[in-house]
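Throughout, this note's numbering is defined as the position within the sequence shown, counted from one, plus 457.
Notes follow the structure.
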Amino acid sequence: MKRTQVWAAALALAISMMTPVAGMAAEHAASLTELQEVMASRKSKFAWENTGTSWRLLYLTPSSTQWTYAHKWVQIGASFYYFDEQGDMVEGWFQDASGKWFFAQYDNAARNNPDAGKVVTGWAQIRATNGSTQYYYFGTDATTGIPSGMYASDTVGYYKTYTIDGQEYQFDTSGHCVQTLTGLATEYGRNRFEVN
């Protein structure tokens, strides 16, 4: 009991002596209670933050004293999300650090879509800004299950053939499937005003 009190007092003193460092705006100091919970459970804590224009995911590990914004790929349950360098969850079309293209579901205008930010895998039907509908396929790594990007041709003017579930499909350099598809794809809005 005495050791716990001494440790908690020392930790509180260390936290109170920390000064903000320029460029550390992406972090928030954790409270003593939060630090004690993480230390006791030896598991990281996560929290969502709505900035009004985007969502951010913060995490607190047993080895840190700061809530830190997530960057790059994060898996939550069976879903994957991608966060930019500022910690904002991406929505819509984006490229990861490897240059591959992905599509993440948009939030709705009310900012309460539970699927917002989930990176799409499998068949997707996405409307272009001109209203036309295109079909895309977004792969996953067979070993890790991590999204591996949009299927597309590497050469302008040529199609590339991919075998998906035993069937061959051709894709152009924009990732459009050239065959007509019926019932295979889930439709996704092109912006938050098209999401319920």
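We put the CB at the ideal spot given by N, CA and C, even for glycine.
The structure displayed is predicted, hence computed values, not measured ones.
| query | result |
| --- | --- |
| So the candidates are R584, A585, W580, N587; which of them puts its Cα closest to the Cα of G640? | W580 |
| Tell me the DSSP secondary structure of T643 in three-state form. | strand |
| F559 and G606: beta carbons closer than 8 Å? | yes |
| Between T508 and the rest of its own chain, which residues show a CB-CB distance below 8 Å, the 5 nearest in sequence each way excluded? | D545 |
| Using the DSSP secondary-structure output, state which residues sit across from Y538 in a beta bridge. | V531 |
| My guess is that F540 and H528 are in contact by the Cβ rule of under 8 Å, so how many angstroms apart are they, rounded? | 5 Å |
| What do you reckon, are the CB atoms on L515 and Y526 nearer than 8 Å? | yes |
| For T597, list the residues DSSP reports as bridge partners. | P604 |
| For A585 and A497, I'd like the C-alpha separation in whole angstroms. | 50 Å |
| Measure the alpha-carbon distance for Y655 versus S501 and round it to whole angstroms. | The requested residue 655 is not part of the displayed model; the chain covers only 458 to 653. |
| Is DSSP giving A554 helix, strand or coil here? | coil |
| Hey, could you find the ends of the alpha helix (DSSP H) E491 is sitting in? | 489-498 |
| According to the Cβ coordinates, are L638 and Y592 closer than 8 Å? | yes |
| Go to K617, then tell me how far its beta strand (DSSP E) extends in each direction, as first and last residue. | 617-621 |
| Considering only the alpha carbon of each residue, which of S511, K557, P519 lies closest to D564? | S511 |
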